[in-house]
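Residue numbering for the sequence shown follows the working numbering, starting at 6 and increasing by one per position.
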Amino acid sequence: MPLAFSTLGCHGAPLDDVLKLALSNKATGLELRAAPEEFTHTGLSAAERRELRDRIEDAGLEILAVSSYVKLCAVEEQPLEAHLELAADLGARGVRVFPGDETDTADSPSAGEFRALDRIATAPKEARILLETHDSHSAGRKMAALLSLIDSNVAGHNVRVIWDSAHTWSHGETPAESFALLQPWLEFVQIKQSDSTQNYRPVAIEDGDFPIQDLLRALEGTDYPLSLEWETKWHPHLPPLEETLPAVAHWLTPR
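Here it is as structure tokens:
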């Protein structure tokens, strides 16, 4: 399967370093973290966007997502449109967003989910929104319910899902169960290592117990990209991406 990685794992690194890291590890794609301190952000000029896109394409890499921190269900105004424009200018598959539902209720649809429907309905039809299994909708079953709600209420939308496989696993689902739930909307799969005995704390590749072989079996016969989301920005105890990417190649070898 195609291997990619998120620039969250090398936060603050210049584009030259990211391209070198990708090419030396035979990666085929990138998730570009969008933030003011990164080389990807909504303040880039038209010329800067063209240069960034050209350099990534010239390296033979695909941009799987512009990784925003937009929360579709949030009460506050969200800068979705600016990120959608950035993704279009860079030729990315779409914009990564979070659900971020603050509604403390088991009722569905929630007030936050109705806000998500409104934001999706007003987005350009050609824009691709990539919802990650995260925060309020980390479980595949809850994300699938939200996506079904979107399908039923927003005509002509272009919403897909980024499956953070560690998040769904931490909510009691096997990879096969989550894949069955999310496959109708699946764009690509994020992978990472974590330890269920430490409350699913992110750990080095060799130190966790995420069922990677079960995930590979669930995805057998498909070609969804696998993207390593190595969260050194938030978990500085993790080994650097330079050490982790070579270990991932072995980790992904079917057994």
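Built from N, CA and C at the ideal position, the CB exists for glycine as well.
- Nearest C-alpha to Pro7 among Gly65, Gly17, Ala150 and Ser72: Gly65.
- Where Trp190 is concerned, there is no enclosing beta strand (DSSP E), because DSSP gives it neither an H nor an E.
- The beta carbon of Ser143 is closer than 8 Å to those of Asp169, His172, Thr173, Ser175 and His176 in its chain, skipping five residues each way along the sequence.
- For Glu118, the closest C-alpha among the options Arg133, Thr202 and Ser141 is that of Ser141.
- Under the three-state reduction of DSSP, Ala70 is assigned to strand.
- With contacts defined by Cβ atoms closer than 9 Å, Gly99 and Glu192 form a contacting pair.
- For Gly226, no beta strand (DSSP E) run applies, since DSSP gives it neither H nor E.
- DSSP places Ser153 in the helix class (H, G or I) of the three-state scheme.
- Going by C-alpha positions, Thr127 is about 43 Å away from Pro259.
- Within the segment 50-94, complete beta strand (DSSP E) segments of at least 3 residues are found at 67-76, given in chain order.
- By alpha-carbon distance to Arg206, the top candidate from Thr138, Thr237 and Pro19 is Thr237.
- Partner residues in the beta bridge of Gly34, as assigned by DSSP, are Ala9 and Glu67.
- The continuous stretches of beta strand (DSSP E) do not include Trp239, and DSSP gives it neither H nor E.
- In the DSSP assignment, Ile167 falls within the beta strand (DSSP E) that extends over Val164 to Asp169.
- In terms of Cβ geometry, Arg101 and Leu135 form a close pair [threshold 9 Å].
- Apart from sequence neighbours up to five positions away, the residues of its chain that approach Leu95 with a beta-carbon distance below 8 Å are Leu37, Thr45, Arg54, Leu57, Arg58, Ile61, Ile68 and Val71, ordered along the chain.
- Residue burial annotation: Gln203 is exposed, with fewer than 16 other C-beta atoms found within 10 angstroms of its C-beta.
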